[in-house]
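When you line the sequence shown up against the working numbering, it's residues 10 to 657, in that order.
A short write-up of the structure that comes next.
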Amino acid sequence: MINVSGLTLHFGERPMFDDVSFFIGKDDRIGLVGRNGAGKSTLLKMLAGENRPDKGSIDRPRDLTVGYLPQHMHHALDQTPRQVAGSAFAEAERLTTRIAEIEVELNDALDDEERMMALATELAHAHERLNTLGAGDHDKQVEETLRGIGFSEEDMDRPMGQLSGGWRMRAELSRILLMTPDLLLLDEPTNHLDLPAIQWLEDLLTTYPAALVLISHDKTFLDRLTKRTIEVGGGRIIDRKVSWTQFVELRQEEKAQQMKAFEAQQKYIEHTTDLINKFRAKAAKAAFAQSLITKLDKLDRVVLEDDAFRAMIVKFPPAPHSGKLVLEMHGAKKAYGDRVILTGADLTVARGEAIALVGANGTGKSTVMRMLVGEEAHEGQIKLGHQVTIGYYAQDMPDRLDPRLTVMETAEMAASDDNRPRARGMLGAFLFSGDEVDKKVKVLSGGERARLALCCMLLKPLNLLLLDEPTHHLDIQSKDVLKSALKDYDGTFMIVSHDRDFLHGLTNRLLEVKGGSLRDHHMDILDLIERNKEEAAKATAKPARPSGGPAPAKAVQASPMKEDRGQRKEQEKEVRRLKAQVEKCEREMAALETEQAALQKALGNGLDTERMQEAYARLGEIATRTEALMAEWEDAGAKLEALSKEPA
């Protein structure tokens, strides 16, 4: 579909892309990844035809339809979400009109064979495209899509000017999805979505009939939707036909292999240099020394990849000691007119707890956070424990920074007296080094501001962190670093996030804001998502037989003794089946482990390029199969354990 050849683009002296080439096929599902500022959004704009490269070409078929969702866009503020989404069918309406025109023109061109062939071809293409778009009930499709992405019936008909930026983007995303383009280009589509909407979009895109190029910092979203990963950075791309998780594993293998080759070459260079120095002063050996010098000059040097992808080095300072009870809420109430956020809510937070505050958009998670820090008026009592010091990261924290100050001035103002001398070092840990600390806040990107705001929190002694969407502007690597730092933090924290992968394994308690109450769950986020799915499925299941309807036929009751024997036999049969399944998984995993070790050994000994690529591809397949086998093994083992506890 799209052929990118020799693409080159410079921003001033900085090469954003340097002679980059790749191809996007009609069945491709591509994850576009890389550090913030690496050029992912710029590349997507060029693919959409909104930006042009300095050199090179981006070739596409003339009739290719593209649906492009940027991170920021202008909106028709006087239109409603229903009107915005409905505009997706403008093409279908044009095609319907054109088909009627062609049919008339065909009757007038009976004596012109060439004209008839051209019209017949155009008619076939028009029908094919209309069939793809669907000629059904467009109003119904619009409503179903808007509802799926989170709109209430009332908000579907409110002017866009009355909606927040996030809801405007949802309306635009609905329009693009309803267009059914040949190619979807989505730049961070989950940024403004809550978990239910993310899951709905994920399910929709899984079978969506279009090629996909997706920028996302949500690893789970990438893994479930993409089969190919292109990493952007340092003016070039790295393209592998695997999902994100497999891509990371392959890149680690490749870098390890590259390091081995580099070290071996360095030893050769060192040894050869010693020989040159030894023989160059001897007349009889001068020619030999010169031949060695020529060999070194012609040597194709192994260059280690520039890990311009520096990682944040984040470690929260030790939390000052606090009382056992960190936070108490008694009878808290909050409402905006008829919209109830909390009613009579109670909450106790103990020292050392790691809590996630979850719920759909609009339920009031950010309002609750503002209540806890005293930024939002409320009824009821909220009380901090003994010697509790709060650090608060608001959703708009990057925008709260004073744009007139420099990075260094911002950090020094945020630091306590004792930590002020540490400001420069802490900024370095957050990737602000050298002259970067003298930059004004107003010239920083969203990701850089987010890093600076997080850095400021670490320059004060805190034992309770309240974090509202802290990962919103962070790339995948930076999110992983922050998650690791929070895991090691010895204080208490409460975090709002819609990122499943980020929350998974991080928190030990979930507070769900729903229906005006705080629902307390002691489970992992993935368990809560699964439970909510099951509840939703039950809610939409067929209703029970209404009273007065025909009664179902009575089942013949078996004798209790026969029933017990039958149940016992079924249980024994299921135990045998599960044991066989467990053993089969273990055998296959052992075989895969042996094959993996052999491949890694072969790579360590050096392979030619073709065999190396085959080895890496097979390692990716092994990783995928092993993951599936592990899930199957754990499921069968859990069922076997449950059956063993049941009375025979």
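Using N, Cα and C, we set each Cβ at its ideal position, and we do this for glycine too.
In terms of residue numbering, what span does the alpha helix (DSSP H) encompassing residue i cover?
i: K228; result: 228–234
i: K149; result: 147–157
i: L473; result: Taken as a continuous stretch (DSSP letters only), L473 belongs to no alpha helix (DSSP H), being part of the beta strand (DSSP E) at 473–477.
i: E457; result: 455–466
i: Q390; result: It is not in any alpha helix (DSSP H) - Q390 instead sits in the beta strand (DSSP E) that spans 388–393.
i: L491; result: 485–497
i: Q299; result: 295–307
i: R433; result: 432–438
Distance check for residue j and residue i, CA to CA, integer angstroms please.
i: L537; j: Q208; result: 13 Å
i: R509; j: E543; result: 18 Å
i: S161; j: K582; result: 49 Å
i: R44; j: I158; result: 28 Å
i: E258; j: K264; result: 10 Å
i: Y77; j: L474; result: 37 Å
i: K324; j: R429; result: 17 Å
i: G5; j: E457; result: Missing from the structure shown is residue 5; the chain here goes from 10 to 657 and no further.
i: Q566; j: H530; result: Unreliable placement is indicated for Q566, whose pLDDT of 44 sits below 50; no coordinate value is reported for it.
i: L284; j: K269; result: 23 Å
i: T419; j: K374; result: 28 Å
i: G394; j: N472; result: 11 Å
i: H280; j: L301; result: 11 Å
i: D427; j: F502; result: 23 Å
i: I534; j: Q274; result: 48 Å
i: E197; j: H81; result: 10 Å
i: A220; j: S183; result: 17 Å
i: D444; j: P62; result: 29 Å
Taking the beta carbon of residue i as the centre, do at least 16 other beta carbons fall within 10 Å, making it buried, or is it exposed?
i: G15; result: exposed
i: I278; result: exposed
i: Q390; result: exposed
i: T216; result: exposed
i: E650; result: exposed
i: A553; result: Its pLDDT being 45, under 50, A553 is placed unreliably in this model, and the coordinates cannot settle the point.
i: I504; result: buried
i: E572; result: Low per-residue confidence applies at E572: pLDDT is 48, beneath 50, and the placement is therefore not dependable, though the value from the model is reported in the following sentence. By the 10 Å Cβ count, E572 comes out exposed.
i: H481; result: buried
i: I322; result: exposed
i: F511; result: buried
i: S506; result: buried
Tell me whether residue i sits in a helix, a strand or coil according to DSSP, three-state version.
i: F325; result: coil
i: Q92; result: helix
i: L52; result: helix
i: A85; result: coil
i: V505; result: strand
i: W642; result: helix
i: K35; result: coil
i: N370; result: coil
i: Y217; result: coil
i: Y277; result: helix
i: P412; result: coil
i: R518; result: strand
i: R245; result: strand
i: P62; result: coil
i: Q80; result: coil
i: D164; result: helix
i: P24; result: strand
i: T419; result: helix
i: T106; result: helix
i: K269; result: helix
i: T376; result: helix
i: Q566; result: Annotation note: pLDDT 44 at Q566 (below 50); position unreliable, coordinate value reported separately. Three-state result, Q566: coil.
i: K547; result: helix
i: G40; result: strand
i: R540; result: helix
i: G15; result: strand
Hey, could you find the ends of the beta strand (DSSP E) residue i is sitting in?
i: H3; result: Any property of residue 3 remains undetermined from this structure, which presents the chain solely from 10 to 657.
i: S658; result: Past the boundaries of the shown model lies residue 658; the chain is included only from 10 to 657, so the question cannot be answered.
i: T398; result: Counting along the chain, T398 falls outside any beta strand (DSSP E), and DSSP gives it neither H nor E.
i: D191; result: Per DSSP, D191 belongs to no beta strand (DSSP E) and is neither H nor E.
i: A403; result: Element bounds for A403: n/a, residue is neither H nor E.
i: R348; result: 348–359
**Message:** Quick check: the region 242–261 against the region 39–59, are at least 3 beta-carbon pairs closer than 8 Å?
**Reply:** yes
**Asked** Is there contact here, the region 422–436 with the region 485–495, by at least three beta-carbon pairs under 8 Å?
**Response** no
**Message:** Quick test of the definition: if touching needs 3 or more C-beta pairs under 8 Å, does the region 338–351 touch the region 518–530?
**Reply:** yes
**Asked** Would you call the region 406–417 and the region 348–356 in contact, with 3 or more CB pairs under 8 Å?
**Response** As far as the Cβ criterion goes, the region 406–417 does not touch the region 348–356, which means the pair count is below three.
**Request:** Count the C-beta pairs between the region 225–238 and the region 104–116 that are closer than 8 Å, then say yes if the count reaches three, no if not.
**Result:** no
**Message:** Would the region 633–643 count as touching the region 588–600 if we require 3 or more Cβ pairs under 8 Å?
**Reply:** yes
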